[in-house]
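Peer 1: Structure provided below as structure tokens; questions to follow.
Below is the structure:
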């Protein structure tokens, strides 16, 4: 098996390595995070964290801080400017109100910067559904910038709510239903005049996908087809209003493209596509008028309709080769772009980029205690799996260390599994590297970013070829002499947590320890829960039945690759970390694994993370998790 180093800053030098930053520098949420830029490009807003205090700060790029809000009372998820004087704050709260099952109750607030006042949006709506999970998506601004449009679930408790389009007059504060949706509505597109260009619907129990439009004053069907899955992604609309924009695959292409969907239902032309990369993100303005796209890859690439922006970003990416240049937000005229640059030898920083001048201006550093010399070198490699498939992966070396040393290693498979690791700054990988561990992040089959065939190759391969891809990479790095075979641990969260458990179950001699964060441990139970919670005909249940397997037809195979049903096969000690408020993978999955291991007489410790969700959103419990992880690894594979 041959190792191909495909993208690398190979610049190790013999130098003095400073003491590693404290655990809190990595375990706490970033000191500066979720930054956004105002429509005129003169202001930014962001979360600022110092110790246990989280603030939302508003900063004029010339005059400094002009406003601040204490965000400790809510679980703030994101920020967005409505105009220069209004900042939108999106929050969620894990709750059981009005229902047995936990869910994330969502809300949106508007902060008036000049008056220093904040108010909850939607509270004046008479029929707002009490168990609200719909607020937090702004789909447009209309009436000369006076009105805000957002979807929300509407209806009384106990009914099947509709997903309506709400208008909020930001001056008079009047809130009303702008257009009624249905129980099957999933998205809205509206222009600056408030005209509904698209209402997207998917009727799961009848397998009908439909887009309707009211651009001519009456509802008209733009597109409809019979399908068990949503056929493409509705992304926005054309700058000239001549059609909608969808993400799809044309012909036999393995990669996604962005195309125009005419209002007569014809998918007309490719606006953006590449033969070697998928489209990872679509950039729109506040009304979802398309601006451009980001392509997947170990470092991102871009394409834009605006020639100056397109040329400027191509120049900036080229000037920062080997680093990840990530676009975060734009000014309305596209003359100022908010970006984050990170990667090998670079701690993540926010910059304002002016394409016309090729001018890059620093704004803030995300982690104040992590400097450039603290960042471990990051390289991208490819290796051949046992069946010949080429597997991309990311390797992070401890600061000051290189490939000629046999190091203790942590295999760190990502979650999803529909996701992938890149050369962006990864706080967990960099923390592990700072503690002296070589970190291996395989993009096993089933990962996104490498085409449909590569992703589809993971269907039905949980605990099968997906796991073999991880094992093959571990074996290769041991043979290369980069990893010490007697000091290898596997760590993962969500699907990565399952992969960590599967590694301990299926290849018990490979790993000296196993750490699973919010893991799936029983695949049959997971499928049963999805069928019960989402419904037999739901897209979610159908998706998992394809990706994991059919709970009836594949039952015996699913039993064989469910760690909780094979606890006797484990040899290495296990640490399980699971948030009690996890609404994605229930805490019961982690508890079920612990119970099975204890019954089998295995060494296991389950740490219950109180008030924590699936994403380690709370600073206190993220720090708790990192302390547990550091101590566990040090005991089993440390010096």
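In the numbering used here, the protein residues as written are 12 to 650.
Even glycine gets a Cβ: it sits at the ideal position worked out from N, Cα and C.
All values reported here derive from a predicted model rather than from experimental measurement.
In whole angstroms, what separates the C-alpha of residue 96 from that of residue 492?
Peer 2: Residue 96 sits at position 85 when you count from the first residue of the chain shown. Residue 492 sits at position 481 when you count from the first residue of the chain shown. Looking at the two C-alpha atoms, the distance is approximately 57 Å.
Peer 1: Ends of the beta strand (DSSP E) at residue 481?
Peer 2: By 1-based counting over the chain shown, the position of residue 481 is 470. Not the beta strand (DSSP E): residue 481 falls in the alpha helix (DSSP H), residues 476-490.
Peer 1: Could you pull out every residue in the same chain whose Cβ sits closer than 8 Å to the Cβ of residue 111, ignoring the five residues on either side in sequence?
Peer 2: For the purposes of this step, residue 111 is taken as residue 100 along the chain shown, with counting starting at 1. Interpretation of residue 111 is limited by its pLDDT of 49, a score under 50 that renders its predicted location unreliable; the figure taken from the coordinates is listed afterwards. Cβ neighbours of residue 111 beyond the five flanking positions: none.
Peer 1: Alpha carbon to alpha carbon, what distance is there between residue 154 and residue 350?
Peer 2: The residue you call residue 350 lines up with position 339 of the chain shown. The residue you call residue 154 lines up with position 143 of the chain shown. Going by the C-alpha atoms only, they are around 30 Å apart.
Peer 1: Can you tell me the Cα-Cα spacing of residue 208 and residue 499, whole angstroms?
Peer 2: One-based indexing of the chain shown puts residue 208 at position 197. One-based indexing of the chain shown puts residue 499 at position 488. Taking the straight line from one Cα to the other gives about 54 Å.
Peer 1: Residues in the same chain with beta-carbon distance under 7 Å from residue 91, minus the five sequence neighbours each way, listed in chain order, please.
Peer 2: Position 80 of the chain shown holds residue 91. Cβ neighbours of residue 91 beyond the five flanking positions: 47, 99 and 149.
Peer 1: Could you check where the beta strand (DSSP E) with residue 393 kicks off and where it finishes?
Peer 2: Indexing the chain shown from 1 puts residue 393 at position 382. 389-395 is the span of the beta strand (DSSP E), which, as asked, contains residue 393.
Peer 1: Buried or exposed, going by whether 16 or more other CB atoms sit within 10 Å of the CB of residue 611?
Peer 2: Stepping through the chain shown from its first residue, residue 611 is reached at position 600. The residue is exposed, with fewer than 16 neighbouring Cβ atoms inside 10 Å.
Peer 1: Apart from the five residues on each side of it in sequence, which residues of its chain come closer than 8 Å, Cβ to Cβ, to residue 554?
Peer 2: Taking the chain shown and counting its residues from 1, the one referred to as residue 554 is at position 543. Taken in chain order, the residues that qualify are 240.
Peer 1: If we require 3 or more residues per run, which beta strand (DSSP E) segments fall completely within the segment 150-200?
Peer 2: 151-153, 158-165, 173-180 and 186-190
Peer 1: Among all the DSSP beta bridges, which residues are the ones paired with residue 413?
Peer 2: Here residue 413 corresponds to residue number 402 of the chain shown, with the count starting at 1. Residue 413 is not bridged to any residue.
Peer 1: Going by Cα to Cα distance, which pick from 424, 333 and 160 is closest to residue 451?
Peer 2: For the purposes of this step, residue 451 is identified with residue 440 of the chain shown, where counting begins at 1. Closest by alpha carbon: 424.
Peer 1: Which same chain residues, not among the five before or five after residue 542, have their C-beta less than 8 Å away from its C-beta?
Peer 2: Position 531 of the chain shown, counting from 1, holds the residue named residue 542. Within the same chain, residue 542 has close Cβ partners 552 and 562.
Peer 1: Here's a check: name, in chain order, each residue in its chain whose Cβ is nearer than 8 Å to the Cβ of residue 158, leaving out the five neighbours to either side.
Peer 2: Along the chain shown, one-based indexing puts residue 158 at 147. Cβ neighbours of residue 158 beyond the five flanking positions: 152, 178, 179, 180, 181 and 205.
Peer 1: Specify the secondary structure class of residue 259 as computed by DSSP and reduced to three states.
Peer 2: To locate residue 259, count along the chain shown from 1; it is residue 248. Reduced to three states, the DSSP call for residue 259 is strand.
Peer 1: Quick one: Cα of residue 40 to Cα of residue 165, how far?
Peer 2: In the chain shown, the residue the question calls residue 40 occupies position 29. In the chain shown, the residue the question calls residue 165 occupies position 154. Spanning the two alpha carbons is a distance of roughly 34 Å.
Peer 1: Residue 391 and residue 403 look like a contact to me (Cβ under 8 Å); what is the Cβ gap, rounded to whole Å?
Peer 2: Looking up residue 391 in the chain shown gives position 380. Looking up residue 403 in the chain shown gives position 392. Between residue 403 and residue 391 the Cβ distance is about 7 Å, and since that is below 8 Å, they are a contact.
Peer 1: Taking the alpha-carbon of residue 303 as reference, which of 324, 287, 473 and 286 has the nearest alpha-carbon?
Peer 2: In the chain shown, the residue the question calls residue 303 occupies position 292. Ranking 324, 287, 473 and 286 by Cα distance to residue 303 puts 324 first.
Peer 1: What are the partner residues of residue 270, as DSSP defines its beta bridges?
Peer 2: As a first step, residue 270 is located in the chain shown; it is residue number 259 there, counting from the start. According to DSSP, which records beta bridges pairwise, residue 270 is partnered with 257 and 281.
Peer 1: For the alpha helix (DSSP H) that residue 567 lies in, which residues bound it at each end?
Peer 2: Mapped onto the chain shown, residue 567 falls at position 556. Run containing residue 567: 566-571, per the alpha helix (DSSP H) assignment.
Peer 1: Between the alpha carbons of residue 520 and residue 495, how many angstroms are there, rounded?
Peer 2: Locating residue 520 in the chain shown gives position 509, where the first residue counts as 1. Locating residue 495 in the chain shown gives position 484, where the first residue counts as 1. The C-alpha of residue 495 is placed about 14 Å away from the C-alpha of residue 520.
Peer 1: Is the CB-CB distance between residue 245 and residue 211 below 8 Å?
Peer 2: Position 234 of the chain shown, counted from the first residue, corresponds to residue 245. Position 200 of the chain shown, counted from the first residue, corresponds to residue 211. Yes. Within cutoff.
Peer 1: Is the CB-CB distance between residue 427 and residue 572 below 8 Å?
Peer 2: Looking up residue 427 in the chain shown gives position 416. Looking up residue 572 in the chain shown gives position 561. No. Outside cutoff.
Peer 1: Quick one: give me the first and last residue of the alpha helix (DSSP H) that residue 300 is part of.
Peer 2: Counting from 1 along the chain shown, the entry for residue 300 is found at position 289. From DSSP, residue 300 is part of no alpha helix (DSSP H); its letter is neither H nor E.
Peer 1: What runs of the alpha helix (DSSP H), each 4 residues or longer, lie entirely inside the segment 322-409?
Peer 2: none
Peer 1: Only counting runs of 4 or more residues, tell me where the alpha helix (DSSP H) segments fall wholly within the segment 32-113, in order along the chain.
Peer 2: 34-38
Peer 1: Excluding the five sequence neighbours on either side, which residues of its own chain have a C-beta within less than 6 Å of the C-beta of residue 509, listed in chain order?
Peer 2: Position 498 of the chain shown holds residue 509. Within the same chain, residue 509 has close Cβ partners 530 and 531.
Peer 1: Report the rounded CA-to-CA distance for residue 438 versus residue 127, giving the unit in angstroms.
Peer 2: Translated into positions along the chain shown, residue 438 becomes position 427. Translated into positions along the chain shown, residue 127 becomes position 116. Cα to Cα, residue 438 sits roughly 34 Å from residue 127.
Peer 1: With distances taken Cα to Cα, identify the nearest neighbour of residue 117 among 161, 137, 233 and 584.
Peer 2: Position 106 of the chain shown holds residue 117. Nearest option by C-alpha distance: 161.
Peer 1: Among residues of its own chain, excluding the 5 on either side of residue 301, which ones have a beta-carbon nearer than 8 Å to its beta-carbon?
Peer 2: Translated into the one-based positions of the chain shown, residue 301 becomes position 290. Answer for residue 301: 246, 247, 248, 249, 250, 256, 269, 282, 293, 294, 295 and 316, listed in chain order.
Peer 1: Can you tell me the Cα-Cα spacing of residue 49 and residue 78, whole angstroms?
Peer 2: Residue numbering aside, residue 49 sits at position 38 when the chain shown is read from its first letter. Residue numbering aside, residue 78 sits at position 67 when the chain shown is read from its first letter. Going from the Cα of residue 49 to the Cα of residue 78 covers about 14 Å.
Peer 1: CA-CA distance, residue 319 and residue 305?
Peer 2: As a first step, residue 319 is located in the chain shown; it is residue number 308 there, counting from the start. As a first step, residue 305 is located in the chain shown; it is residue number 294 there, counting from the start. Going from the Cα of residue 319 to the Cα of residue 305 covers about 16 Å.
Peer 1: From the DSSP output, read off the bridge partner residues of residue 8.
Peer 2: Since the first and last residues shown for the chain are 12 and 650, residue 8 lies out of range.
Peer 1: Judging by CA-CA distance, which residue of 42, 129 and 453 is the nearest neighbour of residue 80?
Peer 2: For the purposes of this step, residue 80 is taken as residue 69 along the chain shown, with counting starting at 1. It is 129 whose Cα lies nearest to the Cα of residue 80.
Peer 1: Would you decide whether residue 646 is buried or exposed? Buried here means 16 or more other CB atoms lie within 10 Å of its CB.
Peer 2: Taking the first residue of the chain shown as position 1, residue 646 is located at position 635. That one is exposed.
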